[in-house]
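See below for the structure under consideration.
Protein chains: 2
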Amino acid sequence: MSRANIKQINSCNDGICINKFKANGIKTEKYGVSLIWNDDLCDCAAVFTKNSIKANPVKYDIAQLKRRQKFKAIIANSGNANACIKEGLADVREMCKIAAEKLKSNPAQILCESTGIIGKRMDIEKIRKIVNDLDINEISSRNANKAIMTTDTKFKEICYEYKGIKIGGICKGAGMIAPNMATMLCFLTTNANLGANNSKILAQCLKESVGESFNMISVDGCMSTNDCIILLSDATKTCSADDFKFLLKFSTQELAKKVVADGEGATKFLEVVVEGANTKSKAIKIALTIVNSNLVKSAFFGENLNWGRIISAAGSVAKINFDNVDLKFEDMDNNKLVKILEKGDAMKLDDWSIMKAKNIRILLNLNEGENNATAWGCDLTYDYVKINAEYN
Amino acid sequence: MSRANIKQINSCNDGICINKFKANGIKTEKYGVSLIWNDDLCDCAAVFTKNSIKANPVKYDIAQLKRRQKFKAIIANSGNANACIKEGLADVREMCKIAAEKLKSNPAQILCESTGIIGKRMDIEKIRKIVNDLDINEISSRNANKAIMTTDTKFKEICYEYKGIKIGGICKGAGMIAPNMATMLCFLTTNANLGANNSKILAQCLKESVGESFNMISVDGCMSTNDCIILLSDATKTCSADDFKFLLKFSTQELAKKVVADGEGATKFLEVVVEGANTKSKAIKIALTIVNSNLVKSAFFGENLNWGRIISAAGSVAKINFDNVDLKFEDMDNNKLVKILEKGDAMKLDDWSIMKAKNIRILLNLNEGENNATAWGCDLTYDYVKINAEYN
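Taken in sequence, the protein lines are chains A and B. Under this note's numbering, the first residue of the first sequence carries the number 30, and numbering increases by one thereafter. Under this note's numbering, the first residue of the second sequence carries the number 30, and numbering increases by one thereafter.
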C-alpha cells in the first residue's frame, strides 16, 4: 500500500450521504441540529474523548454501544455541549426520542452528540422545534455539516471511493483541537463489510486510523469533553481490512487536516514530519510538541524564522543530539524546499520567503533511527485569542 | 513553620547585594551584561533546565559544578542565548575570561549564563566592550537585573531576612515560562551556612524550593534551553536547614510570582489552588494543566466566566468525579470569594464582577483526598502573540 494508490481513490460529491445514507440539518442563530440516518440498521464503531470529564451524550453513546452494535441514526447539535450538567442525561434521552419520532424509528437505535458551551442546560425545546422544522425528504450532507459548526469557518466534508469501498464524512472542530482528539464531532459512513464481526473489525480499524489522523492534530493543546468519531456502515461491500484501512486512514487524515487548516484564527497550516527517531513514540511526542508549542506557532504567524524554538520544543520532551539534526522547511504549494540545519549547522539563508508560505511542512530528521511521525497544526494568531476570549 | 512566620520575614532593599555581594550591569540596545560577585569564594548550588538541548553556558556550568563547589562570580548576558551553536562553548570560556580580568579573579571561579535568541553566534566583542565599560565600584542590584531583561517589563528583585538568614535575588523571564522552569535566569545570594556540606545541603534545599515555585509557574508551556537558578552563599550565618528552606521557599515563590505577573502580554495574574486530591502528583498535574490551558487563559483575558474550560482541562489529565467538585474564584486584592460550583452544581451568579479582578485565585476542590498544589500563571492576550510573532 503506497502513496501511489491514492491516485486510485476517487472523490465523490455525496459527502456523508453515500449509498442510502441520508442527512440534513438546520442551523439557527445559537443552536443547530443535524440528523444522519439510514432506513436499515447499520454496523457501528466509535472513538470518544479520553477526558475523564465526559459530556452526557458521550456517556450515553458509550453505554449504548456496550448494549448493541447496530444503529440507524445520529442526532447531533451545536450550541450546547451538554457537559458538566447533572440533569443532562435526560436531555440526551429526549433528543433520541425526538429524532426517533421524526424518523419513525426506535430511540434505542439512535446515537446522540453535542458541541458548544459546557455547564449550561440544553434548551430541549429549541432542539425539538428545529427537528420539527427539518425536511427529511431533502438530503444534504452540506446542511448536516453546517448545523454542527460552531467557530468553524469552513465546511469539512469528504467522500472517497477505492476499489468499490466508499467512505463519506462530515466533521466540525476548530478550537480545543488537541492530541487525543479535539472538540471535534466527526461522523463517517461507509459500505465496508469486513465479515462476521464487522462492527468489531470496523472499531479496530477506526482506532488505528484515529491514532494517525485526529490524534496527530493540535490547535491549542486542549482536550474536549465531547470529542467523538462515529462510523456507520451499511455493510453492502465485502472487502479486505487492509483496503478499508488504507481508505479510512486517507479519509480521516484529510478530515483532520481540514480541521487544523480551519483552526481558530489560523493563517497558516503546518505539517510537522519527524524522521529518523529511534522509537516511534519519540517521533510522535516530538511532532506533537512542536505543533503544540505556542512559541513555534506564534513565530510562524509572525513569519519569523526562529528555528531555535523548534529545536527547543523537541529537546523539551526527548533526548536530542543537536549535532545530528537536519531541519528543512517546505512550501507545500510550490514544492520549494529550504535547508535550515544540516547536522546541527545553521545554513546561511539569503532568501527567507519560505516563511511567507501558507502551507508549510517542517521536516526534522534526528538521524538516529528509523521511526517517523507526522502531526498537523496551525499558527497562533490574534484571532485565536479574540475568538476564545469572547466565546460564550 | 506556618504562614504566620512570614510576618517575621523582613524585606530589605539590597536586592542581590546582601552582605558583601556586589553586582552591576549595563543594558545596551540588543545586548546586556551583568556581573554578580564576591571577593571571597562562595558555596554554590544550581538547578538547570531539563531540556535535552542545553545552551552552551548551561553545559559549561554543569561541568564546572561537577569539578568544584566554590565560585566567586557570575557573568550573565541578554541578547543571545548561545544555544544550538557548535562553536558556542569557546564563547562561554571567553566570557568567563573577560569577567575574570575585570574582577582580577580566576576564570575557573566564574559561572556564565545567557538569554536571548537561539542559534546565533554570540557577539563576544560586544560583551567585552560592555564589561570594559562596567563600573565595578558602583554596586547596583537593579542595574544587574536590568541588564539581563529581554521581553521583561518589570524588575524582579527580592531581598528578605528571617532569623538572621538573608536571601537576595534577581530574576529575568517573561515568556517560555513553563513547568520545569522557564527561559528564566535567577541568581540568588545568601549568608546561610548549613554545616560542613554546605553546598550539598544548599543544593537539596534549592531543588525542593524550585519544585514548589519555579516549576509551578507557566506562561506558555514552553521549556527553554537556558533556564537556570544559581545560588551563592558566603556562609557567614550558621542556621538550621528548616529555617533556611522556609525563607528560600518564600523567596523563590515571590520571584516566581513576579515572573508570571510579568508574563508576556499578561493582563491578569492567576493562582490555581487544587485541593483535596487523592495524590500529590495528581494535584500538581491538574494545577499545571489549568494554568497552561490556552482556553482557560483566553477566557480570563476576555473576563468570560467559562468555568467548563477549567473542569475540562482538569479532566483531560486525571480522573475527576465532577459530582464532588467545588470551584471558587477569589479576587485576591479584595478577599472577595465567589462560589462557582458546589459538588458539581453550578451556582446562580448575579454578580460576575469577579472576572474583572486583576489577581484571581482559582480554588478547585476535588473532595477526594488530602493533597494540595498551587500553580501560578497569567492570561493569554493579543500582546503575547504580538511579542512572540515579532521577537527575533
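Here a beta-carbon is modelled for each residue, glycine too, at the ideal position from N, C-alpha and C.
| field | Runs of alpha helix (DSSP H) wholly within the stretch 129-181 of chain A (minimum 4 residues, chain order) | value | Within the stretch 129-181 of chain A, the complete alpha helix (DSSP H) runs of at least 4 residues are 153-162, 170-176.
| field | Same chain, Cβ closer than 8 Å to I47/B, five either side skipped, listed in chain order | value | Working through the second sequence from its first residue, we reach residue 47/B at position 18. Hits under 8 Å: C41, C188, K195, I196, G197, T218, T219, N220.
| said: Any contact between the stretch 236-245 of chain B and the stretch 159-176 of chain B? By contact I mean 3 or more CB pairs, one from each, below 8 Å. | reply: Cβ pair count under 8 Å is below three, so no.
| field | Cα-Cα separation between E190/A and K56/A, rounded to whole angstroms | value | The residue given as residue 190/A occupies position 161 in the first sequence. The residue given as residue 56/A occupies position 27 in the first sequence. Computed Cα separation, rounded: 29 Å.
| message | Looking at chain B, is there any beta carbon in it that lies within less than 7 Å of the beta carbon of T254/A? | response | As a position in the first sequence, residue 254/A is number 225, starting the count at 1. Answer yes: the Cβ-Cβ gap between T254/A and chain B drops below 7 Å somewhere.
| message | For the stretch 322-339 of chain A, list every residue whose C-beta sits within 9 Å of some C-beta in chain B, in sequence order. | response | Listed in chain order, the positions of the stretch 322-339 of chain A with a beta carbon within less than 9 Å of a beta carbon of chain B are S322, N323, L324, V325, K326, S327, A328, F329, F330, G331, E332, N333, L334, N335, W336, G337, R338.
| request: Could you round the C-beta distance between E300/A and M361/A to whole angstroms and report it? I think they count as a contact, below 8 Å. | output: Residue mapping note: residue 300/A aligns to position 271 of the first sequence, counting from 1. Residue mapping note: residue 361/A aligns to position 332 of the first sequence, counting from 1. Confirmed, Cβ separation roughly 7 Å.
| Inter-residue spacing [alpha-carbon to alpha-carbon] between W66/B and A386/B | Residue 66/B sits at position 37 when you count from the first residue of the second sequence. Residue 386/B sits at position 357 when you count from the first residue of the second sequence. Cα to Cα, W66/B sits roughly 41 Å from A386/B.
| said: The beta strand (DSSP E) that contains G373/A, what's its start and end? | reply: Translated into positions along the first sequence, residue 373/A becomes position 344. That residue, G373/A, is in no beta strand (DSSP E); it is neither H nor E in DSSP.
| field | Proximity test, Cβ basis, 7 Å: K297/A and chain B | value | Your numbering for residue 297/A matches position 268 in the first sequence. Chain B, which has no Cβ nearer than 7 Å to the Cβ of K297/A, makes this no.
| task | Count the other C-beta atoms from every protein chain shown that fall within 10 angstroms of the C-beta of Q37/A, then say buried if there are 16 or more, exposed otherwise. | result | Locating residue 37/A in the first sequence gives position 8, where the first residue counts as 1. Note on Q37/A: under 16 other CB atoms within 10 angstroms of its CB, so exposed under the neighbour-count rule.
| message | Using beta carbons (cut-off 7 Å, strictly below), is I82/A in contact with chain B? | response | To locate residue 82/A, count along the first sequence from 1; it is residue 53. Interface residue, yes.
| request: Kindly indicate which residue of C215/A, K95/A, L409/A has the alpha-carbon position closest to the one of S327/B. | output: Taking the first residue of the second sequence as position 1, residue 327/B is located at position 298. For S327/B, the closest alpha carbon among the candidates C215/A, K95/A, L409/A is that of L409/A.
| said: Considering just the uninterrupted stretch of the alpha helix (DSSP H) at A89/B, what are its terminal residues? | reply: Residue mapping note: residue 89/B aligns to position 60 of the second sequence, counting from 1. Correcting the residue type first, residue 89/B is Tyr in the shown sequence and not Ala. Going by DSSP, Y89/B is part of the alpha helix (DSSP H) stretching over 85-96.
| task | For C113/A, return the contacting residues in chain B, with the cut-off set at a CB-CB distance below 7 Å. | result | The residue given as residue 113/A occupies position 84 in the first sequence. Taking a Cβ-Cβ cut-off of 7 Å, the neighbours of C113/A in chain B comprise G337, I340, F351, given in sequence order.
| K101/B by DSSP, collapsed to three states: which one? | Taking the second sequence and counting its residues from 1, the one referred to as residue 101/B is at position 72. K101/B: strand per DSSP, three-state reduction.
| Hey, quick one: how far does the beta strand (DSSP E) through I196/A stretch, first residue to last? | By one-based count along the first sequence, residue 196/A stands at place 167. Boundaries of the beta strand (DSSP E) around I196/A: 194-201.
| query | Just how far apart, CA to CA, sit L392/B and D271/B? | reply | Numbered from its first residue, the second sequence carries residue 392/B at position 363. Numbered from its first residue, the second sequence carries residue 271/B at position 242. Rounded to the nearest angstrom, the gap between the Cα atoms of L392/B and D271/B is 28 Å.
| request: Whole angstroms is fine: what's the gap from F233/A's alpha carbon to N363/B's? | output: Here residue 233/A corresponds to residue number 204 of the first sequence, with the count starting at 1. Here residue 363/B corresponds to residue number 334 of the second sequence, with the count starting at 1. Residue identity check: residue 233/A is Gln in the sequence provided, not Phe. Cα to Cα, the separation comes out at about 55 Å.
| said: Quick check: what's the CA-CA separation for N111/B versus G117/B? | reply: One-based indexing of the second sequence puts residue 111/B at position 82. One-based indexing of the second sequence puts residue 117/B at position 88. Roughly 6 Å separates the two Cα atoms.
| field | Beta-carbon proximity list for N172/A, same chain, < 6 Å, skipping 5 on both sides | value | In the first sequence, counting from the first residue as 1, residue 172/A sits at position 143. Excluding residues within five positions, the ones whose Cβ falls inside 6 Å are N53, G54.
| field | L261/A beta carbon less than 7 Å from that of C73/A | value | For the purposes of this step, residue 73/A is identified with residue 44 of the first sequence, where counting begins at 1. For the purposes of this step, residue 261/A is identified with residue 232 of the first sequence, where counting begins at 1. Taking 7 Å as the cut-off, the Cβ atoms of C73/A and L261/A count as close.
| query | So, are the CB atoms of C200/A and K185/A less than 7 Å apart? | reply | Sequence index remark: in the first sequence, residue 200/A carries index 171 (1-based). Sequence index remark: in the first sequence, residue 185/A carries index 156 (1-based). Contact: yes.
| request: Please name the residue, chosen from I340/A, K311/A, T267/A, that lies closest to T403/A on a Cα-to-Cα basis. | output: On the first sequence, residue 403/A is found 374 positions in, with the first residue counted as 1. The shortest Cα separation from T403/A among I340/A, K311/A, T267/A belongs to K311/A.
| request: Step through the CB atoms of chain A and report whether any lies within less than 7 Å of the CB of P208/B. | output: On the second sequence, position 179 is the one that residue 208/B refers to. The predicted position of P208/B is uncertain, since its pLDDT is 36 and thus under 50; a value taken from the coordinates is nonetheless stated next. For P208/B, the answer is no, since every Cβ of chain A falls outside 7 Å of its Cβ.
| request: Name the two residues that bound the continuous alpha helix (DSSP H) containing K274/B. | output: Your numbering for residue 274/B matches position 245 in the second sequence. Start and end: 270-290.
| Just by C-beta distance, which residues in the stretch 144-170 of chain A are closer than 7 Å to chain B? | Cβ contacts with chain B come from I146, I147, G148.
| Rounded C-alpha distance that separates N401/B from I315/B | Reading the second sequence from its first residue, position 372 is the one you call residue 401/B. Reading the second sequence from its first residue, position 286 is the one you call residue 315/B. Whole-angstrom Cα-Cα distance: 10 Å.
| message | By the three-class DSSP mapping on this structure, what secondary structure does P208/B have? | response | Counted from its first residue, the second sequence places residue 208/B at position 179. Confidence in P208/B is poor, its pLDDT being 36 and thus under 50, which makes the residue's placement unreliable; the coordinate value appears in the next sentence. Three-state DSSP puts P208/B in coil, outside helix and strand.
| message | In the DSSP output, what is L40/A paired with across the bridge? | response | Translated into positions along the first sequence, residue 40/A becomes position 11. Looking at the sequence provided, one finds Ser at residue 40/A rather than Leu. For S40/A, the pairing in a beta bridge is given by DSSP as Y189/A.
| Which one or two residues does DSSP pair with R390/B in a beta bridge? | Sequence index remark: in the second sequence, residue 390/B carries index 361 (1-based). DSSP lists E300/B, E359/B as partners of R390/B.
| query | So, helix, strand or coil for L334/B, using DSSP? | reply | On the second sequence, residue 334/B is found 305 positions in, with the first residue counted as 1. Residue state, collapsed to three classes: coil.
| field | Alpha-carbon to alpha-carbon, L277/B and W405/B | value | Along the second sequence, one-based indexing puts residue 405/B at 376. Along the second sequence, one-based indexing puts residue 277/B at 248. C-alpha separation (whole angstroms): 18 Å.
| query | Do we get a CB-CB distance below 7 Å when we pair Y60/B with the residues of chain A? | reply | Taking the first residue of the second sequence as position 1, residue 60/B is located at position 31. Answer no: the Cβ-Cβ gap between Y60/B and chain A never drops below 7 Å.
| field | Neighbourhood of E123/A by C-beta distance below 6 Å, restricted to the same chain and skipping five residues each side | value | The count along the first sequence starts at 1 and reaches residue 123/A at position 94. Within the same chain, E123/A has close Cβ partners I153.
| request: Could you tell me if A211/B is buried or exposed, where buried requires 16 or more neighbouring beta carbons within 10 angstroms of its beta carbon? | output: The count along the second sequence starts at 1 and reaches residue 211/B at position 182. Residue confidence for A211/B is low, a pLDDT of 42 falling below 50, so the modelled location carries little weight; the figure read from the coordinates is stated next. Burial call: buried.
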